[in-house]
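With the sequence shown counted from 1, adding 322 to any position gets you the working numbering.
Just so you know, even glycine gets a beta-carbon here, dropped at the ideal spot from N, CA and C.
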Amino acid sequence: MWAPKTWQGRALAAMMPVKVHWILAPMSDVKGRGRESLRSFEQGMTNATVTQATEDELRAIVHAAQQAKSRITLCAWEERRKFVHVHAPFKTSPFPDRDVHYMHRYFAYFAKTAGTQGTS
């Protein structure tokens, strides 16, 4: 999720039609995030995490989704129009770098409209 403010992340999670689990493991713990993601996915929950869309963070998200054999849904809060964007879910590809690049481009738009610095 691209949600610069805490309440925006909560609002995005609240609108999901499924139970949402916030991933608690730090971004730097890629294996821990993968295990946590898999556990909640096996319990039928959707995983959520707020990202600043750095390549390392996005790589950790792709890795966790690959381990859980789940799909990724990109969500973003567009500050300028006060609008929520929800991207169609997609499976991770055999090429994680491509997935990371695509996600980075998607979130870069929202970082730009929020008036923040670049995302990498």
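Distance from the Cα of Ser359 is smallest, within the candidate group Glu377, Pro416, Ile394, Trp329, for Ile394.
A contact is defined here as three or more CB-CB pairs under 8 Å, and the region 374 to 387 meets this definition with respect to the region 344 to 357. Ala433 is not bridged by DSSP to any residue. Ala410 sits exposed, since fewer than 16 C-beta atoms from the chains shown fall within 10 Å of its C-beta.
In the three-state reduction of the DSSP assignment, Arg420 falls in the helix class.
Counting along the chain, no alpha helix (DSSP H) covers Ala347, and no H or E run does either.
In terms of Cα proximity to Glu379, the closest of Lys434, Ile345, Thr328 is Ile345.
Counted as a single uninterrupted DSSP element, the stretch harbouring Glu401 is not any alpha helix (DSSP H), since DSSP gives it neither H nor E. About 7 Å separates the CB atoms of Ala375 and Ala433; that is less than 8 Å, so the two are in contact. In the displayed model, His409 falls within coil according to three-state DSSP, outside both helix and strand.
For Ala325, the three-state secondary structure derived from DSSP is coil. Distance check between Ile383 and each of Tyr424, Met338, His407, Arg332 places Tyr424 closest, using alpha-carbon atoms only.
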